[in-house]
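In this note's numbering, the protein residues as written are 58 to 535. Even for Gly, the Cβ is constructed at its ideal location relative to N, Cα and C.
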RNA sequence: GGCCCCAUCGUCUAGCGGUUAGGACAUCGGCCUCUCACGCCGGUAACACGAGUUCGAAUCUCGUUGGGGUCACCA
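Structure, rendered in structure tokens:
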């Protein structure tokens, strides 16, 4: 048995939305799980809203997420082209078939006329719902006027389809109308191009957001009119805002790019998205490979969810914290742009030594870069408050003593350093806290940092003593 | 309003006739501690409501309520 052919079909009218990314992910997982094909198709039949920049942005985001596609833009494939704007011949042929078989007809009513009729109806009764009255349904003449092509919807009975997530969905045909298939300019509308392409591209499973469930009956009618098999359908519960309405940029960061810029790793994004509407017992954290192995439509829930930035941030954190999830190599590669953004050209060896120290302290790569930049600077950036509070003249004798105590340590390793430090603190009748903070500020420039001794170890003897010297100068009022 | 769909802690969810209704995030205590974190221990917190079916319902059925989606010559 050949694997499933699934697709992600964005319309290029902006960035890749986090909800769209989830749709792409579920499709991708299904394809990878069963050795099928993941196809990208660009739905750019609305020329006014589509842009090549958006195509680029969406593809970039998918690439960043690691949702690689087997057919589509850039990679091509047996069903080229993968841009609907370039597939008009296919739609034209399909529509002629439909007209020929009596399933569709040309409608010469102008948009203005219908808009006026709709407005008039709404004026009389705001709750009334306007339906195309069927004016041109049975007309046989072909006036020399612009026309749209409409589908001749049945008026009785119901249209049913079976959904992998929602089960059987039944819609009365009386609630449908003769929907438009082709604009006067010859461009197809969504339902037509979608059905024609899904069929021609051999799509076996159509998975998309639940907001599409409403036009699925229309698409099913089309499949039947064409005499084609209806593919498997899977609708995903909606991702709503924290308030419970449609998730948009008013509520939160909703583009994949924004999370990338915040320093979320791709696998963390995938993890959060996967767990949104899908679950696997009590497990919260998944590697990408695990998701591929475990994903199943049976475990996709039906109820909509609310996007939760806290949970998302926690998943991001979990991925950065665990080496199992983010290897040192990946961490180093991913954090590099953030360090470079802060004017640091990270030394790879130093970086890999410093990484374990920030892992439990950074929820994002941006935080991580900020938390360990002091390792890489010639001298740490000295926080003003920290300086005022801890690099005082009173601290000078302590720092001087520490320079000797630490500098004389035979071995530059955590354990002996800490032992010497503590012995000295005790012999002086001091408390750890009294000297730890000045030393921390001396070494890191700030009051919060990883443990002193691990910092010293990563810094090495020379830099540690050098920074101590520098701090003594500052504290002495230099 | 028509049509479609949904309904377990604040949030994501487990549960698929018999559980002290579990986990995670968030939140609140505590422990650890050189700071900040991590970690660990513990607390608060949910089956929307009403009828059925059943010896027994969070689980099945119906209704009510609530929420969402969609009603274009957008996708």
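Beta-carbon contacts of residue i that lie in its chain and below 6 Å, excluding the five residues immediately before and after
i           : result
residue 73  : 115, 118 and 313
residue 90  : 349 and 352
residue 174 : none
residue 342 : 375
residue 475 : 510
In DSSP terms, what residue i is bridged to
i           : result
residue 74  : 312
residue 226 : 218
residue 418 : DSSP output for residue 418 lists no bridge partner at all.
residue 388 : According to DSSP, which records beta bridges pairwise, residue 388 is partnered with nothing at all.
residue 332 : Note: residue 332 sits in no beta bridge, so no partner.
residue 96  : 64 and 128
residue 337 : 340
residue 498 : In the DSSP output, where bridge partners are listed per residue, residue 498 has none listed.
residue 363 : 297
residue 207 : 162 and 237
residue 357 : 335
For residue j and residue i, believed in contact at Cβ under 8 Å, the rounded distance
i           : j           : result
residue 430 : residue 399 : 6 Å
residue 297 : residue 363 : 5 Å
residue 111 : residue 77  : Not confirmed; about 12 Å, so no contact.
residue 165 : residue 200 : 6 Å
residue 329 : residue 368 : 7 Å
residue 23  : residue 443 : Because the chain in this structure spans residues 58 to 535, residue 23 falls outside the shown range and cannot be described.
residue 498 : residue 478 : So it is not a contact: roughly 16 Å between Cβ atoms.
residue 436 : residue 524 : 7 Å
residue 510 : residue 471 : 4 Å
residue 319 : residue 423 : 6 Å
residue 63  : residue 96  : 7 Å
residue 487 : residue 521 : With 8 Å as the limit, residue 487 and residue 521 do not qualify as a contact, their Cβ atoms being about 20 Å apart.
Residues of its chain near residue i, where Cβ-Cβ distance is below 7 Å and the 5 sequence neighbours each way are ignored
i           : result
residue 453 : 529, 532 and 533
residue 147 : 253 and 257
residue 101 : 68, 69, 107, 140, 141 and 142
residue 221 : 289, 290, 291 and 354
residue 132 : 126
residue 518 : 469
residue 230 : 210, 211, 212, 213, 214, 215 and 216
residue 204 : 163, 164, 165 and 241
residue 233 : 210, 274 and 275
residue 449 : 532
Distance between residue j and residue i (C-alpha atoms, nearest Å)
i           : j           : result
residue 267 : residue 295 : 6 Å
residue 491 : residue 516 : 22 Å
residue 123 : residue 352 : 17 Å
residue 155 : residue 134 : 28 Å
residue 439 : residue 383 : 31 Å
residue 99  : residue 113 : 11 Å
residue 226 : residue 425 : 48 Å
residue 411 : residue 264 : 43 Å
residue 396 : residue 408 : 10 Å
residue 332 : residue 213 : 41 Å
residue 466 : residue 473 : 7 Å
residue 337 : residue 345 : 14 Å
residue 259 : residue 270 : 21 Å
residue 243 : residue 302 : 35 Å
residue 218 : residue 274 : 7 Å
residue 235 : residue 293 : 27 Å
residue 387 : residue 93  : 28 Å
residue 458 : residue 434 : 25 Å
residue 239 : residue 130 : 25 Å
residue 366 : residue 321 : 12 Å
residue 460 : residue 309 : 49 Å
residue 285 : residue 109 : 32 Å
residue 194 : residue 105 : 29 Å
residue 279 : residue 249 : 8 Å
residue 495 : residue 432 : 17 Å
residue 255 : residue 361 : 26 Å
residue 128 : residue 283 : 25 Å
residue 415 : residue 61  : 42 Å
residue 167 : residue 75  : 38 Å
residue 428 : residue 402 : 15 Å
Beta-carbon contacts of residue i that lie in its chain and below 8 Å, excluding the five residues immediately before and after
i           : result
residue 185 : 178 and 179
residue 251 : 66, 100 and 276
residue 159 : 209
residue 324 : 123, 344, 345, 376, 382 and 383
residue 372 : 325, 328, 329, 332, 341 and 342
The ligand MN heavy atom lying under 7 Å from the CB of residue i
i           : result
residue 125 : Ligands in the displayed structure: none, and consequently the ligand MN is not present.
Which runs of the alpha helix (DSSP H) at least 4 residues long sit entirely within the segment 238-308? Give them in chain order.
Taking only runs of at least 4 residues, the alpha helix (DSSP H) segments lying wholly in the segment 238-308 are 247-257 and 273-283.
What are the complete beta strand (DSSP E) segments, minimum 3 residues, inside the segment 105-187?
DSSP assignment within the segment 105-187 yields the following whole beta strand (DSSP E) runs of 3 residues or more, N-terminal first: 161-164.
For a minimum of 4 consecutive residues, which ranges assigned as the alpha helix (DSSP H) are wholly contained in the segment 398-456?
Fully enclosed alpha helix (DSSP H) runs of 4 or longer: 405-415, 422-433 and 441-447.
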